[in-house]
Structures are given as structure tokens and as C-alpha cells.
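**Student:** So the sequence shown is numbered by my numbering: it starts at 33 and just counts up by one.
Ideal Cβ placement from N, Cα and C applies to all residues, glycine included.
Treat the numbers as computed from the prediction; the structure is a model and nothing was measured.
What follows is a structure written as C-alpha cells; I'll ask about it next.
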Amino acid sequence: MATTSTGLDRLAMRGKPEGQPIMHQTWEDLLFLHWSFDPELLRAIVPAPLELDLFDDKAWIGITPFRVTGLKLVGAPEIPGFNAFDELNVRTYVHYKGIPGIYFLSLDASKLIPALAARLFYTLPYYKAQIDYTKVGNEFFYDLKRTTGPCVMFNAHWTKGIRLQDPALESLAFFLVERYCFFTAQSNSVQMTRIYHHPWILDEARVLSCASTMLNECGLSEPHTESLAYFSSFVDVDIWPPQAI
């Protein structure tokens, strides 16, 4: 029987990792959409070495559209044409050897070269997509159609609301957004990639419309319930190379 994940140090991962990052980027205008799922449905699509990270006996799926800017390798200048693009990821939450993190089910980027580079170096399931992301005041419009791999779409319209208090350690908001690594797993080999940034500053988000086939492609039914939604304006991020653990 699934139980709520306990005994994980969720604050420790906020610390800056040892060694040097290899990449810097800024994430802008992020929408966090989340739905709860039966853990057994997620267990079927998450590799066995990784344990599902549960909150109140539920697994969670997130869809996060955002914009990447300022991408560059540490010590190198930005390369015009490759330093900014729109992205969307579909994620769930896992832990491995006591470390909480993210497992990506899919990622879409509006530029091909960054998507290919991330697929090769991080072994992440990146795809090229046509993305139109527009901001008008506090309103946001996001339209995605994948152009490589399985055909999927995502369309959303939302508004940014008031600033929220910093989420408490035991809160669902903290559980969902305060994640500082992601895992990839092939056979019995697990790799972890660390990231480092300021804790998230969250705003309310009011979703006015949302249509998606992103979860169908992952083997899940699209949810018919209202999402739990947060917004964040930006965060500067350092990214480390993957390491086997």
C-alpha cells in the first residue's frame, strides 16, 4: 500500500552542490500546474530504481510551461540564437537513496539544437515543438504543438495574481516546487543532475483555459479536475553535470 514519503531531508537539497556548475540559465514566467494521481498509475511508467515521492498518499504530475533566457556554458559567452527559447516539461516526483527530486516524463523546446543537446548529454526525453508564448500585462497565452516524436499539444491562458507567502516546509506547495535535482534511469543505472537557485517566489495563478494531450502521450488520462496552479516570474539557475549515484 502506498504511504506518504517520510524521512526525506527536503531542506538539504537547497544547499549549493560541491564542484562547479557547467551551465547557467534564467527561467522566466513559469506556470506550475499540478494534479494528483493514483500512485499505481505512475508506478507503471516510472523506472523501478526510483521510488515515487508521495504527499498524502498521492502521486503528483506537473506540467510547467516557461521561457529560458541567458543560457550559456559557465565561462563562455551566450551564443545568439541558442541562448533563449520556450519550453514545457511534464514531470512527476520521486526519491532515490533518500534524495527527493524530479523525474521528467517529457520535455519540449522551441529550438532544435538545445533540445538535441539536452537529449544527448542529460539523456532527457526532449522534443522539438512549435511554441507561441505571449505576455500581455499580467495575462499569458501559451500554445504548443510538437513537431518531432509523438504528436501532442498544449494550450493555456492564465493570469498572474498576488504574491504568496513562502511555502512552509510541510506544505504541498513546498513539496511540489522546491526540487533541486532530477533523475534519469536506464536499466539499473541512475544518474542525478543537481541545480541551484534561490528558493521559489510564488504568485497566485488563475487558469482561464487549458487544453492538453501531454499526459495521454505518457500513458495517462488527461485530468478532468481543476489544476493546482502557481506562477513565478523568474529564477536564475546554475546546473551541474549528471553523476551516477
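#1: Note the first and the last residue of the continuous beta strand (DSSP E) segment covering VAL269.
#2: Taking 6 Å as the limit between beta carbons, can you name the residues of its chain near LYS160, skipping five residues before and five after?
#3: Entirely within the segment 111-148 and at least 4 residues each: give me those alpha helix (DSSP H) ranges in chain order.
#4: Could you give the distance in angstroms between the alpha-carbon of TRP190 and the alpha-carbon of LEU120?
#5: State yes or no: is the C-beta of PHE69 within less than 8 Å of the C-beta of LEU204?
#6: Return helix, strand or coil for ALA243, following the three-state DSSP convention.
#7: Count the C-beta pairs between the segment 47-59 and the segment 269-277 that are closer than 8 Å, then say yes if the count reaches three, no if not.
#8: Using DSSP bridges, identify the partner residues of PRO97.
#9: Which class does VAL106 belong to by DSSP, given the choice of helix, strand or coil?
#10: Report yes if the CB atom of GLU258 is closer than 8 Å to the CB atom of GLY193, and no otherwise.
#11: Exposed or buried, which one is ASP268 when buried takes at least 16 other CB atoms within 10 Å?
#12: Quick check: is the beta carbon of PHE69 nearer than 8 Å to any beta carbon in chain D?
**Tutor:** In short, the structure shows the following:
#1: Locating residue 269 in the sequence shown gives position 237, counting from the first residue. Looking at the DSSP string, the run of the beta strand (DSSP E) that includes VAL269 is 260-271.
#2: The count along the sequence shown starts at 1 and reaches residue 160 at position 128. If we look at LYS160 and ignore the five residues flanking it on each side, its Cβ neighbours are LEU144, ALA147, THR179, THR180.
#3: none
#4: Here residue 190 refers to the residue found at position 158 when the sequence shown is read from its first residue. Here residue 120 refers to the residue found at position 88 when the sequence shown is read from its first residue. In a straight line, the C-alpha of TRP190 is about 15 Å away from that of LEU120.
#5: Working through the sequence shown from its first residue, we reach residue 69 at position 37. Working through the sequence shown from its first residue, we reach residue 204 at position 172. No, these two residues do not count as a Cβ contact at 8 Å.
#6: The residue labelled residue 243 in the question sits at position 211 within the sequence shown. In the structure shown, ALA243 sits in a strand (DSSP, three-state: E or B).
#7: Yes, since at least three Cβ pairs between the segment 47-59 and the segment 269-277 fall closer than 8 Å, the two stretches touch.
#8: Sequence index remark: in the sequence shown, residue 97 carries index 65 (1-based). In DSSP, PRO97 forms a bridge with LEU120.
#9: In the sequence shown, the residue the question calls residue 106 occupies position 74. Coil, per DSSP.
#10: If you number the sequence shown from 1, residue 258 lands on position 226. If you number the sequence shown from 1, residue 193 lands on position 161. No, the Cβ-Cβ distance between GLU258 and GLY193 is not below 8 Å.
#11: Here residue 268 refers to the residue found at position 236 of the sequence shown. Exposed: under 16 other Cβ atoms inside 10 Å.
#12: Protein chains in the displayed structure number just one, and chain D is not present.
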